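> Questions regarding the structure given below will be posed in turn.
Number of protein chains: 2
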Amino acid sequence: MKTSANDSLLARALARPETEERLARQILDAALEQFTTFGLRRSSVDDVAKRAGVSRVTVYRRFRNKDGLVEACLLREVSRFFRELDDTVAALPTMQDRIVEGFVVALRHTRAHPLFGGLLRLEPEVVLPYLTVQGGPALVVTTDYLTSHLRRARHTEGRSDSDPRPVAELMVRVAVSFLLNPAGCIELDDEEQARVFARRYLAPLLDV
Amino acid sequence: MKTSANDSLLARALARPETEERLARQILDAALEQFTTFGLRRSSVDDVAKRAGVSRVTVYRRFRNKDGLVEACLLREVSRFFRELDDTVAALPTMQDRIVEGFVVALRHTRAHPLFGGLLRLEPEVVLPYLTVQGGPALVVTTDYLTSHLRRARHTEGRSDSDPRPVAELMVRVAVSFLLNPAGCIELDDEEQARVFARRYLAPLLDV
Chain A
1 MKTSANDSLL ARALARPETE ERLARQILDA ALEQFTTFGL RRSSVDDVAK RAGVSRVTVY
61 RRFRNKDGLV EACLLREVSR FFRELDDTVA ALPTMQDRIV EGFVVALRHT RAHPLFGGLL
121 RLEPEVVLPY LTVQGGPALV VTTDYLTSHL RRARHTEGRS DSDPRPVAEL MVRVAVSFLL
181 NPAGCIELDD EEQARVFARR YLAPLLDV
Chain B
1 MKTSANDSLL ARALARPETE ERLARQILDA ALEQFTTFGL RRSSVDDVAK RAGVSRVTVY
61 RRFRNKDGLV EACLLREVSR FFRELDDTVA ALPTMQDRIV EGFVVALRHT RAHPLFGGLL
121 RLEPEVVLPY LTVQGGPALV VTTDYLTSHL RRARHTEGRS DSDPRPVAEL MVRVAVSFLL
181 NPAGCIELDD EEQARVFARR YLAPLLDV
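Same order as they appear, the protein sequences are chains A and B.
Using full-length UniProt numbering, the first residue of the first sequence is number 1, and each one after it goes up by one.
Using full-length UniProt numbering, the first residue of the second sequence is number 1, and each one after it goes up by one.
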């Protein structure tokens, strides 16, 4: 009996990381659905718990509060975004090409994404600060991602070894600007326009 | 008598544009003071009228409503901003130099200006939409301004006669991005940093 009880404890302990992961995923899936359907302001932890089919305590224990839940949601979507970017550009031969296609995909993905472009349309007053006056963290994470790509490319393509971080930040700023305000004279509505723009004005920044 | 009455009518008619202009200026001065001290949300046409020492009707007759007043205030400050930019760069020998110093002055002026940087700090939720999702008009006006400078310079400096508008818009977008979100890794806190950044990353855009 004792051995069997221990076995069962062990089994649960071993199973736990997986259950934990599944539960967190289930909650985040529900949160994403809730936030993108009703907006951040009108969504509570209760709503998310109900939608996920778990208790409020289960949510609070994992995500602290609503802000923690929003943050975790955002982080997960940002990593997915980076993965999609990586997948799109991985096979392209030069950093120039990767910048051009990366810009096209970044615009397409963020505009169409329910949590980025979607909430920007649904609740601009809530979302805008996180992309502007309080946008430091988002800017840094995205710049870090692009910087590491640029750095690797400089090695393999034998470019100058000056710090690629300012160029990366500049490119991220330009992309964010088009997400926030598409209404200038530069039309990037179709992807070919975005491609031409990036090749002409962003790619040359790699060599300054 | 009749002639004298006519003379007096004529005199008033002739004097009118000046009085009108003085009155409009007086109201806009009061509006600027009111908006930048108390924010847009908590300011009414009444507040502005009181501060200007005129009746509400006098304000309404000239500026339609509060939105019209805000717009007129903004327009006036934007023209002042362009004039300051012009004065700063007029004597500089090349367009490259004018871009660099223009960028430095643009950052300094907008950050310090009570209506731009000031309200962005005081009431970000009110101001942000006008600089982002509803920022089309502001972007177009500023891009127009810079485009006409670039076009003139292309003539006098004999550069390529391709349309300078996309470059102008790109530069405006970068400057707005730094106004909205100064918290990246590119530090432009002191003017020498801003100058180095503009010379290295913005000026080369003139030749792409």
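The beta carbon of each residue, even a glycine, is placed where N, CA and C say it ideally should be.
If you're wondering where the values come from, they're calculated on a predicted model, not measured in any experiment.
Pick from 161/A, 198/A, 62/A, 76/A: whose alpha carbon is nearest that of residue 19/A?
In the first sequence, the residue the question calls residue 19/A occupies position 19. The option with the nearest alpha carbon to residue 19/A is 62/A.
> So with Cβ pairs under 8 Å, would you call residue 192/A a contact of chain B?
By 1-based counting over the first sequence, the position of residue 192/A is 192. Not closer than 8 Å to any Cβ of chain B, the Cβ of residue 192/A fails to qualify, so no.
> Please return the same chain residues whose Cβ sits closer than 8 Å to the Cβ of residue 205/B, not counting the five positions on each side in sequence.
Here residue 205/B refers to the residue found at position 205 when the second sequence is read from its first residue. For residue 205/B, the CB contacts under 8 Å within the same chain, skipping 5 residues up- and downstream, are 167, 170, 171 in chain order.
> Report yes if the C-beta distance between residue 46/B and residue 56/B is below 8 Å; otherwise report no.
Mapped onto the second sequence, residue 46/B falls at position 46. Mapped onto the second sequence, residue 56/B falls at position 56. Yes, the Cβ-Cβ distance between residue 46/B and residue 56/B is below 8 Å.
> Apart from the five residues on each side of it in sequence, which residues of its chain come closer than 6 Å, Cβ to Cβ, to residue 165/B?
Working through the second sequence from its first residue, we reach residue 165/B at position 165. Closer than 6 Å at the Cβ level, and outside the excluded window around residue 165/B, lie 147.
> Assuming residue 54/B and residue 201/A form a contact by the criterion Cβ under 8 Å, report the distance between their Cβ atoms to the nearest whole angstrom.
The residue given as residue 54/B occupies position 54 in the second sequence. The residue given as residue 201/A occupies position 201 in the first sequence. About 49 Å separates the two Cβ atoms, so there is no contact after all.
> Please classify residue 193/B as buried or exposed, where buried requires at least 16 other C-beta atoms within 10 Å of its C-beta.
Taking the first residue of the second sequence as 1, we reach residue 193/B at position 193. Looking at its Cβ environment, which holds fewer than 16 other Cβ atoms inside 10 Å, residue 193/B is exposed.
> On a CA-only basis, which of 197/A, 28/A, 149/A is nearest residue 87/A? Give me that one, please.
As a first step, residue 87/A is located in the first sequence; it is residue number 87 there, counting from the start. The shortest CA-to-CA distance from residue 87/A to any of 197/A, 28/A, 149/A is the one to 149/A.
> Do the segment 169–189 of chain A and the segment 117–137 of chain A make contact, defined as three or more Cβ pairs closer than 8 Å?
Look at the beta carbons and you see the segment 169–189 of chain A touching the segment 117–137 of chain A: at least three pairs across the two are nearer than 8 Å.
> DSSP three-state call for residue 158/B: helix, strand or coil?
Start at 1 with the first residue of the second sequence, and residue 158/B comes out as number 158. Here residue 158/B sits in coil by DSSP.
> Are the CB atoms of residue 132/B and residue 128/A nearer to each other than 8 Å?
Start at 1 with the first residue of the second sequence, and residue 132/B comes out as number 132. Start at 1 with the first residue of the first sequence, and residue 128/A comes out as number 128. It is a contact, given that the beta carbons lie within the stated cut-off.
> Cβ of residue 32/A less than 8 Å from any chain B Cβ?
Residue numbering aside, residue 32/A sits at position 32 when the first sequence is read from its first letter. No, no contact with chain B.
> I'd like to know if residue 177/A contacts chain B, where contact means its C-beta is closer than 8 Å to some C-beta of that chain.
What you label residue 177/A is simply residue 177 of the first sequence in a count that begins at 1. Answer yes: the Cβ-Cβ gap between residue 177/A and chain B drops below 8 Å somewhere.
> Against residue 200/B, what residues of chain A qualify as contacts under a CB-to-CB distance less than 7 Å, listed in chain order?
Here residue 200/B refers to the residue found at position 200 of the second sequence. Listed along chain A, the residues sitting closer than 7 Å to residue 200/B by beta-carbon distance are 208.
> Tell me the DSSP secondary structure of residue 153/B in three-state form.
Taking the first residue of the second sequence as position 1, residue 153/B is located at position 153. Correct three-state label for residue 153/B: helix.
> In the structure shown, what three-state DSSP assignment does residue 96/A receive?
For the purposes of this step, residue 96/A is taken as residue 96 along the first sequence, with counting starting at 1. Of the three classes helix, strand and coil, the one that applies to residue 96/A here is helix, per DSSP.
> Hey, would you say residue 30/B sits closer than 8 Å to residue 64/B, going by beta carbons?
Residue 30/B sits at position 30 when you count from the first residue of the second sequence. Residue 64/B sits at position 64 when you count from the first residue of the second sequence. For residue 30/B and residue 64/B, no; Cβs fall outside 8 Å.
> Residue 116/A lies in the alpha helix (DSSP H); which residues open and close that run?
On the first sequence, position 116 is the one that residue 116/A refers to. From DSSP, residue 116/A is part of no alpha helix (DSSP H); its letter is neither H nor E.
> Please state whether DSSP places residue 102/B in a helix, a strand or coil.
Translated into the one-based positions of the second sequence, residue 102/B becomes position 102. Looking at residue 102/B - three-state DSSP - the assignment turns out to be helix.
> Would you say residue 84/A reaches chain B, if we count a Cβ-Cβ gap shorter than 8 Å as a contact?
On the first sequence, position 84 is the one that residue 84/A refers to. Taking Cβ atoms only, chain B never reaches closer than 8 Å to residue 84/A, which makes this a no.
> Using only CA atoms, which one of 126/B, 93/B, 74/B, 98/B lies nearest to residue 110/B?
Position 110 of the second sequence, counted from the start, is the residue given in the question as residue 110/B. Comparing Cα-Cα distances from residue 110/B to each of 126/B, 93/B, 74/B, 98/B, the minimum goes to 74/B.
> For residue 169/A and chain B, any beta-carbon pair shorter than 8 Å?
Translated into the one-based positions of the first sequence, residue 169/A becomes position 169. So, interface residue.
> Going along chain B, which residues have a C-beta under 8 Å from residue 146/A?
Against the first sequence, residue 146/A aligns to sequence position 146. In chain order: nothing, as chain B lies at least about 12 Å away.
> Exposed or buried, residue 156/A, counting other C-beta atoms within 10 Å across all chains shown (16 or more means buried)?
Here residue 156/A refers to the residue found at position 156 of the first sequence. When all chains shown are included, residue 156/A counts as exposed.
> Please state if the CB of residue 175/A and the CB of residue 112/A are separated by a distance shorter than 8 Å.
Along the first sequence, one-based indexing puts residue 112/A at 112. Along the first sequence, one-based indexing puts residue 175/A at 175. No, the pair does not count as a contact, with Cβ atoms beyond the cut-off.
> Given this structure, state the Cα-to-Cα distance separating residue 92/A from residue 82/A, to the nearest angstrom.
Counting from one through the first sequence, the residue named residue 92/A turns up at place 92. Counting from one through the first sequence, the residue named residue 82/A turns up at place 82. For residue 92/A and residue 82/A, the distance between alpha carbons rounds to 16 Å.
> By how many angstroms is the C-alpha of residue 143/B removed from the C-alpha of residue 135/B?
One-based indexing of the second sequence puts residue 135/B at position 135. One-based indexing of the second sequence puts residue 143/B at position 143. If you take the alpha carbons of residue 135/B and residue 143/B, they lie about 12 Å apart.
> For residue 105/B and chain A, any beta-carbon pair shorter than 8 Å?
Within the second sequence, residue 105/B is the residue found at index 105, counting from 1. Not one chain A Cβ lies under 8 Å of residue 105/B.
> Within 8 Å (strictly less), CB to CB, does residue 128/B reach chain A?
Reading the second sequence from its first residue, position 128 is the one you call residue 128/B. At least one CB atom of chain A sits nearer than 8 Å to the CB of residue 128/B.
> Hey, out of 36/B, 101/B, 95/B, whose CA is closest to residue 114/B's CA?
In the second sequence, the residue the question calls residue 114/B occupies position 114. The shortest Cα separation from residue 114/B among 36/B, 101/B, 95/B belongs to 36/B.
> Determine the direct distance from the alpha carbon of residue 130/B to that of residue 138/B, and round the result to whole angstroms.
In the second sequence, the residue the question calls residue 138/B occupies position 138. In the second sequence, the residue the question calls residue 130/B occupies position 130. Cα-Cα distance, rounded: 8 Å.
> Does any residue of chain A have a CB that is nearer than 8 Å to the CB of residue 101/B?
Translated into positions along the second sequence, residue 101/B becomes position 101. Chain A contact via Cβ: absent.
> Taking just the CA atoms, how far does residue 185/B sit from residue 187/A?
Locating residue 187/A in the first sequence gives position 187, counting from the first residue. Locating residue 185/B in the second sequence gives position 185, counting from the first residue. When rounded, the distance between both Cα atoms is 29 Å.
> Ends of the alpha helix (DSSP H) at residue 77/B?
For the purposes of this step, residue 77/B is identified with residue 77 of the second sequence, where counting begins at 1. Run containing residue 77/B: 66–89, per the alpha helix (DSSP H) assignment.
> So with CB distances below 7 Å, who are the chain A contacts of residue 124/B?
Counting from 1 along the second sequence, the entry for residue 124/B is found at position 124. What residue 124/B touches in chain A: 129, 133.
> So residue 203/B packs on residue 99/B, CB below 8 Å; how close in whole Å?
Looking up residue 203/B in the second sequence gives position 203. Looking up residue 99/B in the second sequence gives position 99. Your pair residue 203/B and residue 99/B checks out as a contact, with CB atoms roughly 5 Å apart and the cut at 8 Å.
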